[in-house]
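The sequence shown: position 99 = 126 (this note's numbering), numbered continuously.
Okay, so here's the structure we're looking at.
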Amino acid sequence: MSFKFSNYLPTKIIFSDDSINKLSKIINNNKVLLISTQGNLDRGIYEKLNLKNFQIVEQILNISSHPEIQLAEDLYKKVSSKKFDMILAVGGGSVIDIAKVLSVSFANKKTEISHLIKNPSLIADYSITPVIAIPTTSGTGSEVTPYATLWDSKKTKKYSLSLIDLHPAYAIFIPELTLTLSKEITIQTGLDALSHSLESIWNKNANPISLRFSIQAAKLILDSLSVLINRENTIDLRSKMQLASLFAGLAISNTQTAISHAVSYYITTKYNISHGIACSFLIPDLIDKAIGKYDFIDEAFIEIFGELSSKKIRRLYKEIEAPSSFSDLNITDSEITEIKNYIRNNPRALNTLVHL
Numbered sequence: 028m029s030f031k032f033s034n035y036l037p038t039k040i041i042f043s044d045d046s047i048n049k050l051s052k053i054i055n056n057n058k059v060l061l062i063s064t065q066g067n068l069d070r071g072i073y074e075k076l077n078l079k080n081f082q083i084v085e086q087i088l089n090i091s092s093h094p095e096i097q098l099a100e101d102l103y104k105k106v107s108s109k110k111f112d113m114i115l116a117v118g119g120g121s122v123i124d125i126a127k128v129l130s131v132s133f134a135n136k137k138t139e140i141s142h143l144i145k146n147p148s149l150i151a152d153y154s155i156t157p158v159i160a161i162p163t164t165s166g167t168g169s170e171v172t173p174y175a176t177l178w179d180s181k182k183t184k185k186y187s188l189s190l191i192d193l194h195p196a197y198a199i200f201i202p203e204l205t206l207t208l209s210k211e212i213t214i215q216t217g218l219d220a221l222s223h224s225l226e227s228i229w230n231k232n233a234n235p236i237s238l239r240f241s242i243q244a245a246k247l248i249l250d251s252l253s254v255l256i257n258r259e260n261t262i263d264l265r266s267k268m269q270l271a272s273l274f275a276g277l278a279i280s281n282t283q284t285a286i287s288h289a290v291s292y293y294i295t296t297k298y299n300i301s302h303g304i305a306c307s308f309l310i311p312d313l314i315d316k317a318i319g320k321y322d323f324i325d326e327a328f329i330e331i332f333g334e335l336s337s338k339k340i341r342r343l344y345k346e347i348e349a350p351s352s353f354s355d356l357n358i359t360d361s362e363i364t365e366i367k368n369y370i371r372n373n374p375r376a377l378n379t380l381v382h383l
């Protein structure tokens with residue numbers, strides 16, 4: 028496979044012991060829209076990030092996992108009259124995705140935002156308010172990608188706002204903020220990052236730069252995740268997982284995801300299975316199917332696993348008790364056929380070099 032690619036990574040990344048002081052300097056005297064969750068507030072982000080020193084003109088705290096497109100519409104209307112210079116997003120992928128949606132000021136003021144997101148060809152002129160993303164999980168990668176994911180549970184659909192300018196201006200990593208993550212969320216978000224890393228390998232858009240990020244992310248996760256779930260307060264392991272999530276996010280920012288994510292959108296909307304589980308349960312089988320297809324994929328697998336085999340991934344899944352097949356999720360053969368029909372023309376499935 029010959030590589031033809033461009034690379035664009037505009038987000039300024041800060042991974043430092045001095046991250047909180049650097050955050051203060053970035054915000055300075057600017058007016059800020061804060062987007063987070065009530066849980067993060069209860070865990071003390073105001074105190075940990077010195078938020079009381081900032082000019083926060085509005086705070087939005089009602090963000091849950093898999094944010095609905097109607098919520099984005101409602102929040103867009105709510106903040107449209109507010110004057111702010113920056114958006115500070117402190118949370119997981121859902122929080123950061125909502126922040127990115129609200130950062131866009133569309134020239135077409137009369138059209139509902141949900142309509143533009145569902146019909147991206149209608150998007151013309153727009154401006155962007157800078158987003159400062161501080162991830163409190165290790166899996167999303169949204170802090171360095173130009174995508175924002177929204178859901179319509181009633182229609183069992185997933186939508187993605189994708190604009191070249193949607194990258195956050197800053198991604199600031201503070202691993203201490205992930206110390207309070209539960210075992211369940213640690214596993215789900217870690218598997219999301221693992222899926223990102225491997226999906227960007229068996230990908231038509233893979234290139235030498237994305238592959239370096241993918242390989243390093245997968246190696247870090249293999250070395251850290253199963254140990255971390257038994258040592259949840261270990262800052263070194265939490266830092267490694269944040270770094271893995273960052274690398275995987277940098278990979279998919281150029282390649283997008285592939286078939287496992289296409290399947291996950293159906294699984295999540297229909298069965299309410301968490302995204303991290305839904306996008307990762309097929310990974311072991313997809314590794315087996317990918318072996319021998321392309322030299323660059325085999326070379327990546329050798330570097331990650333030390334062999335052309337899914338054994339190490341399957342061992343990891345067993346250690347963390349993660350599902351690794353349709354049957355583990357109680358999905359029947361007829362439902363598998365339905366899923367295959369669902370993903371047939373899905374843009375993410377069209378990225379894949381490996382098939383079900």
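From the three backbone atoms N, C-alpha and C, an ideal C-beta is built for every residue, glycine too.
Between LYS246 and GLU330, the C-beta gap is smaller than 9 Å, which places the two residues in contact.
Shortest Cα-Cα distance from TYR73 to any of LEU50, ILE90, PHE30 and SER92 involves LEU50. For ASP44 and ALA198, the gap between their C-alpha atoms comes out near 14 Å.
By the neighbour-count criterion, in which a residue is buried when 16 or more other Cβ atoms sit within 10 angstroms of its Cβ, TYR293 is buried. Three or more pairs of CB atoms, one per stretch, sit closer than 8 Å, so the stretch 132-142 contacts the stretch 96-106. Counting C-beta atoms within 10 angstroms of its own C-beta, ASN56 has fewer than 16 neighbours from the protein chains shown and is therefore classed as exposed. Following the DSSP letters along the chain, one finds GLY118 inside the beta strand (DSSP E) bounded by residues 113-118.
Per DSSP, reduced to three states, the secondary structure at PRO162 is strand. For LYS52, the enclosing alpha helix (DSSP H) stretches over residues 46-54.
Within 10 angstroms of the beta-carbon of SER354 lie fewer than 16 other beta-carbons, which makes it exposed. Using a Cβ-Cβ distance cut-off of 8 Å, the stretch 115-128 and the stretch 151-170 are in contact, since at least three pairs of beta carbons, one from each stretch, lie closer than that value.
Assigned with DSSP and collapsed to three states, GLU259 falls in coil, not helix or strand. ASN230 is bridged by DSSP to THR379.
In the structure shown, PHE81 falls within a coil segment according to DSSP collapsed to helix, strand and coil. With a 10 Å radius around the Cβ and a threshold of 16 neighbouring Cβ atoms, LEU238 comes out buried. Each residue's CA atom was taken as its position, placing SER107 and LYS339 some 49 Å apart.
Taking each of PHE328, PRO235 and ASN257 in turn and checking the Cα distance to SER29, the smallest one comes out for PRO235.
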